[in-house]
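Note that our numbering has the sequence shown beginning at 11, numbered continuously upward.
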Amino acid sequence: MVIYRGFLSVFSRVPNRIPRYSVFTVWELGLTGISVIFHNTNQPIEVVMLDECKYWVSFVYCAETILLAFQNYILMLGTSVMIPSVLVPAMGGSDGDKARVIQTLLFVAGINTLLQALFGTRLPAIVGGSFAYIIPIAYIINDSSLQRISNRHERFIQTMRAIQGALIVASSIQIILGYSQVWGLFSRFFSPLGMAPVVALVGLGLFQRGFPLLGNCVEIGLPMLLLVIGLSQYLKHVRPIRDVPIFERFPVLICVAIIWIYSLILTASGAYRDKPNATQLSCRTDRANLISTAPWFMFPYPLQWGPPTFSAGHSFAMMSAVLVSMVESTGAYKAASRLAIATPPPAYVLSRGIGWQGIGILLDGLFGTGTGSTVSVENVGLLGLSRVGSRRVVQLSAAFMIFFSILGKFGAVFASIPFPIFAALYCVLFGLVASVGLSFLQFTNMNCMRNLIIIGLSLFLGISIPQFFNEYWNLKHRGLVHTNAGWFNAFLNTVFLSPATVGLIVAVFLDNTLEVEKSKKDRGMPWWVKFRTFRGDNRNEEFYTLPFNLNRFFPPT
Numbered sequence: 011m012v013i014y015r016g017f018l019s020v021f022s023r024v025p026n027r028i029p030r031y032s033v034f035t036v037w038e039l040g041l042t043g044i045s046v047i048f049h050n051t052n053q054p055i056e057v058v059m060l061d062e063c064k065y066w067v068s069f070v071y072c073a074e075t076i077l078l079a080f081q082n083y084i085l086m087l088g089t090s091v092m093i094p095s096v097l098v099p100a101m102g103g104s105d106g107d108k109a110r111v112i113q114t115l116l117f118v119a120g121i122n123t124l125l126q127a128l129f130g131t132r133l134p135a136i137v138g139g140s141f142a143y144i145i146p147i148a149y150i151i152n153d154s155s156l157q158r159i160s161n162r163h164e165r166f167i168q169t170m171r172a173i174q175g176a177l178i179v180a181s182s183i184q185i186i187l188g189y190s191q192v193w194g195l196f197s198r199f200f201s202p203l204g205m206a207p208v209v210a211l212v213g214l215g216l217f218q219r220g221f222p223l224l225g226n227c228v229e230i231g232l233p234m235l236l237l238v239i240g241l242s243q244y245l246k247h248v249r250p251i252r253d254v255p256i257f258e259r260f261p262v263l264i265c266v267a268i269i270w271i272y273s274l275i276l277t278a279s280g281a282y283r284d285k286p287n288a289t290q291l292s293c294r295t296d297r298a299n300l301i302s303t304a305p306w307f308m309f310p311y312p313l314q315w316g317p318p319t320f321s322a323g324h325s326f327a328m329m330s331a332v333l334v335s336m337v338e339s340t341g342a343y344k345a346a347s348r349l350a351i352a353t354p355p356p357a358y359v360l361s362r363g364i365g366w367q368g369i370g371i372l373l374d375g376l377f378g379t380g381t382g383s384t385v386s387v388e389n390v391g392l393l394g395l396s397r398v399g400s401r402r403v404v405q406l407s408a409a410f411m412i413f414f415s416i417l418g419k420f421g422a423v424f425a426s427i428p429f430p431i432f433a434a435l436y437c438v439l440f441g442l443v444a445s446v447g448l449s450f451l452q453f454t455n456m457n458c459m460r461n462l463i464i465i466g467l468s469l470f471l472g473i474s475i476p477q478f479f480n481e482y483w484n485l486k487h488r489g490l491v492h493t494n495a496g497w498f499n500a501f502l503n504t505v506f507l508s509p510a511t512v513g514l515i516v517a518v519f520l521d522n523t524l525e526v527e528k529s530k531k532d533r534g535m536p537w538w539v540k541f542r543t544f545r546g547d548n549r550n551e552e553f554y555t556l557p558f559n560l561n562r563f564f565p566p567t
């Protein structure tokens, strides 16, 4: 039945163009969302939207844009602080070294996010540090030639140079697979049935960074979790200021501010004075030593740690993390497109995004961030939580990353937020990304036993196999695979510790080998096939066309 008919001003689809007014009709579409028919001069275009994700087609005012961008910046700080906090001490670095690595990571993340939003997939996705690189980096850290260096600062510098060299070489994998369109050709084997478990595992696979870390300081983490759910879901229709749904748009900013002040009060009152050191590290706001050690001003520059060193073993080990981050980013792009009310990125756009992500990893190696890059899963989840999928917000958020990475003291203030606060947010946001993956099943026939077996097996093995490998791995141990070739150990451990990668291997293999021809409709291919090519759907031009009329020089293939 027709719900509403009227005029709509479309602002956010095509940046740098004047608003276009279209006649539209809204039809009811049951549980799958809303169907909006745009009646243009040629033919109607149908857009299937997620329910309530309506701000893609509304004008985001300047003040709201700034606050939304700052909200994205605050959220990505969790991963940006945690990765150096784990790796830098193991490399022999001091608190000052850790602060400089965090600043460098934020600076390069801002550049990579801008590049991806302008020239990559053009989806509203944040690009930041990745946990997938920890295993090959741990292999480099434990290299005997580096461990023999007695001076801790010198060992940190030499280890950082080795990591830089490995990242520079390994980045060629994504650059080649992206710009040669090989990854796009491989994506022709994807289907809604195959992508559902991959996208779901991108979120579910990060469960260890949710409640297990929240539980390290439950008096801060649990109130944060309850407050986020309460404000974003139960009070989302309350509009105390100028009819703006502040609890719906800014739940992260509001909740982080409240619980951060609460944690400051607990720290100042001496609540953790006699607690174990592990509890103090998780709960106190002054244990990271970031504010005292961060410089007032630091402009990161390429090769700031010295010339990179290259090793074949280090580079081969790092290539595994590059492959894993490529798989995880593909799932994150699929989720971001759905939450941002865009069509699934065609093969050409997906390859373009992977190519630019490879450039980002190259920049990580040149600047010395200590880790590689991937799409920030938590910020993808924020698209759904705040119901805002604006490319402009992400671009301004990148500007915040660059600005606060240069002004070190100011950035360190926000980076001192206790990690259980972020862990509480991850419980909501990672779960939201997982549910977006499962929403792809609406386009498949789930009354088909073939599909049930593929989904069940890929989800179960995608969680079970990495958990099995994880039980045998830590920073100083080689893990389940322990041959005499350290790079080979790191390679296999990295691949099989990634839930999304295991899920992709199982789901895509089974989906393309079990009764393929008879199951095209059951797999969801009639809906999916038109999004494989750039010209397959006339909405792709507005979502994914390059800015500055660059499509004339780089036409879609």
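A virtual CB, placed ideally from N, CA and C, is assigned to each residue, including glycine. Predicted model, so just to flag it, every value in this text is computed and none were measured.
Among the options, which residue has its Cα nearest to the Cα of residue i?
{"i": "Phe424", "options": "Cys437, Tyr436 and Phe410", "result": "Phe410"}
{"i": "Ala408", "options": "Leu87, Leu469, Leu124 and Ile183", "result": "Leu124"}
{"i": "Pro146", "options": "Ser330, Met92 and Gly513", "result": "Ser330"}
{"i": "Leu574", "options": "Gly225, Trp306 and Phe217", "result": "With the chain represented from 11 up to 567, any question about residue 574 goes unanswered, as that position is not in the structure."}
{"i": "Arg294", "options": "Ala267, Val446 and Ile427", "result": "Ile427"}
{"i": "Asp105", "options": "Ile301, Ser400 and Met328", "result": "Ile301"}
{"i": "Gly546", "options": "Pro356, Leu435 and Arg397", "result": "Pro356"}
{"i": "Pro566", "options": "Val359, Pro286 and Pro312", "result": "Val359"}
{"i": "Leu435", "options": "Ile93, Asn82 and Ala73", "result": "Asn82"}
{"i": "Gly120", "options": "Asn457, Gln405 and Glu527", "result": "Gln405"}
{"i": "Pro318", "options": "Ile475, Trp270 and Gly380", "result": "Gly380"}
{"i": "Leu373", "options": "Ser181, Phe166, Asn161 and Leu78", "result": "Ser181"}
{"i": "Phe221", "options": "Met456, Lys528 and Ala433", "result": "Ala433"}
{"i": "Leu203", "options": "Glu74, Pro536, Phe117 and Lys108", "result": "Pro536"}
{"i": "Leu507", "options": "Arg252, Arg533 and Glu338", "result": "Glu338"}
With H, G and I counted as helix, E and B as strand and the rest as coil, what does DSSP make of residue i?
{"i": "Asn455", "result": "coil"}
{"i": "Ile93", "result": "helix"}
{"i": "Trp497", "result": "helix"}
{"i": "Trp7", "result": "What is shown of the chain runs 11 to 567, which leaves residue 7 out entirely."}
{"i": "Trp622", "result": "The chain is shown only over 11 to 567; residue 622 falls outside these bounds and no answer can be derived."}
{"i": "Leu241", "result": "helix"}
Starting from residue i, follow the alpha helix (DSSP H) in both directions and report where the run begins and ends.
{"i": "Glu258", "result": "Ile256 to Arg259"}
{"i": "Leu216", "result": "Premise fails: Leu216 is in no alpha helix (DSSP H) and is neither H nor E."}
{"i": "Ile515", "result": "Pro509 to Asp521"}
{"i": "Cys227", "result": "Element bounds for Cys227: n/a, residue is neither H nor E."}
{"i": "Leu448", "result": "Phe429 to Ser449"}
{"i": "Lys344", "result": "Ala322 to Leu349"}
{"i": "Ile301", "result": "Leu300 to Thr303"}
{"i": "Ser279", "result": "Per DSSP, Ser279 belongs to no alpha helix (DSSP H) and is neither H nor E."}
{"i": "Val423", "result": "Gly418 to Ala425"}
{"i": "Thr289", "result": "Asn287 to Cys293"}
For residue i, I'd like the list of residues in its chain whose CB is within less than 6 Å of its CB, leaving aside the five on either flank, ordered along the chain.
{"i": "Ala345", "result": "Val209, Val390, Val443 and Val446"}
{"i": "Ser396", "result": "Arg259"}
{"i": "Leu116", "result": "Ser90, Met411 and Ser415"}
Can you list, in chain order, the residues of its chain with a C-beta nearer than 7 Å to that of residue i? Leave out the 5 residues immediately preceding and following it.
{"i": "Gly378", "result": "Thr114, Met170, Gln174, Gln314 and Trp315"}
{"i": "Ala350", "result": "Trp66, Leu133, Pro134, Leu393 and Gly399"}
{"i": "Arg110", "result": "Met308"}
{"i": "Pro354", "result": "Lys344, Ser347 and Phe541"}
{"i": "Cys265", "result": "Met234, Leu237, Val238 and Leu241"}
{"i": "Ala79", "result": "Val403, Leu406, Ser407 and Phe410"}
{"i": "Thr340", "result": "Leu360"}
{"i": "Ile151", "result": "Ala100, Met101 and Thr169"}
{"i": "Ala159", "result": "For the record, residue 159 in the displayed sequence is Ile; it is not Ala. Contacts found: Arg165 and Gln168."}
{"i": "Lys419", "result": "Ile301, Ala304 and Trp306"}
Near residue i, what residues of its chain come up, given a Cβ to Cβ distance below 8 Å and the 5 sequence neighbours on each side ignored?
{"i": "Pro255", "result": "Lys246, His247, Val248 and Arg249"}
{"i": "Leu417", "result": "Trp306 and Phe307"}
Measuring only from the beta carbon, is residue i closer than 6 Å to any heavy atom that is part of the ligand ATP?
{"i": "Cys227", "result": "Absence of the ligand ATP is noted for the structure shown, with no ligands found whatsoever."}
> Which runs of the beta strand (DSSP E), 3 residues or longer, sit entirely within the region 109-192?
Replying inline: Correct list: 137-139.
>> Quick check on the DSSP output: what are the complete beta strand (DSSP E) runs of length 3 or more inside the region 377-408, in order along the chain?
In response: Secondary structure within the region 377-408: the beta strand (DSSP E) runs of 3 or more consecutive residues, fully enclosed, are 383-385 (chain order).
> Quick one: complete alpha helix (DSSP H) runs, 4+ long, within the region 537-565?
Replying inline: Listed in chain order, the alpha helix (DSSP H) elements of length 4 or more contained wholly in the region 537-565 are 550-554.
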